[in-house]
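Asker: In the working numbering, the protein residues as written are 53 to 256. We put the CB at the ideal spot given by N, CA and C, even for glycine.
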Ligand code: FES
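1. Taking residue 48 as the reference, which of 128, 107, 124 and 186 has the closest Cα?
2. Starting from the N-terminal side, write out each stretch of the beta strand (DSSP E) that is 3 residues or longer and does not extend beyond the region 101-125.
3. If I measure Cβ to Cβ from residue 137 and keep anything under 6 Å in the same chain, skipping five residues before and after, which residues do I get?
4. Cβ of residue 235 versus every heavy atom of the ligand FES: is any distance shorter than 7 Å?
5. How about the region 114-129 and the region 195-210: do they share at least three Cβ pairs that are nearer than 8 Å?
6. Closer than 7 Å to a non-hydrogen atom of the ligand FES - does that hold for the CB of residue 153?
7. So is residue 216 buried or exposed if we call it buried at 16+ other beta carbons inside 10 Å?
8. For the beta strand (DSSP E) holding residue 177, just list the boundary residues, first then last.
9. Give the C-beta separation of residue 159 and residue 209 to the nearest angstrom, bearing in mind that I take them to be a contact with Cβ-Cβ under 8 Å.
10. Measuring alpha carbon to alpha carbon, tell me which residue in 222, 224, 182 and 225 is nearest residue 204.
11. Closest to residue 202 by C-alpha separation, out of 102, 112, 140 and 126, would be which residue?
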């Protein structure tokens, strides 16, 4: 008689846990050094976090902020629903509208396409962190918004663009901002606002 263990179906070779460990999501969820703690995978030596919530600390607008997130939580969700920073907008999950644009280490990204865990150890700046910047003032002076829903994303995108191209021409501005969409069609005023900042030389 065969040993009963030979009659058992093979142990499932690919568990959900294995999948999470091997997937891109798990790679993104891998502990990113300081700033991630809490329910980190219990196994000794494992650097995989989740799928349960973990505690993280983020540097947002120069302040250290604490949050509890699942590995799948986006940066946009943390900003809006845990930090009450509602400037970045959930207009498009894939970032195609530019509505959730924030700066990550000075570079514009769509917060809806970045995991909160990916922002650990990096500098996040939102439109709320641009208080006193000439860009939002130029939007106001030029009526660069109607409903205003796209405006925070535009303002952040403009700031990032001018940081790299402080003397940009109108054509360069139009090309540089083509990742942001305004359903109200205030493009002419937005471009004029950016030109004002360029001409004013006060963005420097
Ligand atoms: S001002 Fe309404 S979408 Fe741009």
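Answerer: From the atom records:
1. In the structure as shown, the chain begins at 53 and stops at 256. Residue 48 is therefore absent and cannot be evaluated.
2. Listed in chain order, the beta strand (DSSP E) runs fully inside the region 101-125 are 101-112 and 115-121, counting runs of at least 3 residues.
3. Position 85 of the chain shown, counted from the first residue, corresponds to residue 137. Hits under 6 Å: 131, 178 and 180.
4. Within the chain shown, the letter at position 183 stands for residue 235. Taken from the Cβ of residue 235, at least one heavy atom of the ligand FES lies inside 7 Å.
5. Judged by pairs of C-beta atoms under 8 Å, the region 114-129 does not touch the region 195-210, as fewer than three such pairs exist.
6. Counting from one through the chain shown, the residue named residue 153 turns up at place 101. Residue side-chain check: residue 153 keeps its Cβ at 7 Å or more from all non-hydrogen atoms of the ligand FES.
7. Residue numbering aside, residue 216 sits at position 164 when the chain shown is read from its first letter. Classification for residue 216: exposed.
8. By 1-based counting over the chain shown, the position of residue 177 is 125. Start and end: 175-177.
9. Here residue 159 refers to the residue found at position 107 of the chain shown. Here residue 209 refers to the residue found at position 157 of the chain shown. 11 Å between Cβ atoms; not a contact.
10. Reading the chain shown from its first residue, position 152 is the one you call residue 204. When 222, 224, 182 and 225 are compared, the shortest CA-CA separation from residue 204 is found for 182.
11. Position 150 of the chain shown, counted from the first residue, corresponds to residue 202. Ranking the options by Cα distance to residue 202, first place goes to 140.
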